[in-house]
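For reference, the structure discussed in these notes is given below.
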Amino acid sequence: MSFAKIDEENSQRPRGKNCILVSGYNEKELILLSNFIKKVGIEKIIEVKDENEILNQIIDEVNNNLNKSSEKVIVFNSVSDKELNTFINNFKVLNLSRPLFAVVTPTSAKWKFKELVSELLKEKKAFENR
């Protein structure tokens, strides 16, 4: 995985379904997130119900069986840099614990959700050990 600087003024969206994938949130938290994304301009929330599913399949809402991750995760798909920046910078107003944040890339789009979460947890640990 790599980190890339985002252009806070770029409002051009990449091609694809404008959404966030979320995992580990209860019903009340999902309602807060749902209201929040509308303010940011993100169109849809997809709750990940099967962490063994590939990201592209989750985005396309092909299956979504019940095999959830307990880790709080928000994955952005086809959002502009501006939407991403606004979401992350204002997330704290929701008073929810900070999740693992990620953006779907051409590489990660082919991964199972649990593989992405595993990578994010490794990155988090490495970052904390710096």
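FYI, in our numbering the residues of the sequence shown are 16 to 145. Glycine included, C-beta positions come from ideal geometry on N, C-alpha and C.
task: Determine, using beta carbons only, whether LEU70 and ILE60 come nearer to each other than 8 Å.
output: Here residue 70 is taken as the residue at index 55 of the sequence shown, counted from 1. Here residue 60 is taken as the residue at index 45 of the sequence shown, counted from 1. No. Outside cutoff.
field: Per DSSP, cross-strand counterpart(s) of ASN92
entry: On the sequence shown, residue 92 is found 77 positions in, with the first residue counted as 1. DSSP output for ASN92 lists CYS34 as bridge partner(s).
query: Comparing alpha-carbon positions, which option in VAL94, ARG28 and LYS127 lies nearest GLU66?
result: Numbered from its first residue, the sequence shown carries residue 66 at position 51. Closest by alpha carbon: LYS127.
query: What's the gap between the Cα of THR122 and the Cα of GLU130?
result: As a position in the sequence shown, residue 122 is number 107, starting the count at 1. As a position in the sequence shown, residue 130 is number 115, starting the count at 1. If you take the alpha carbons of THR122 and GLU130, they lie about 12 Å apart.
query: What is the residue span of the beta strand (DSSP E) that ILE61 lies within?
result: Within the sequence shown, the letter at position 46 stands for residue 61. ILE61 -> beta strand (DSSP E) spans 59-62.
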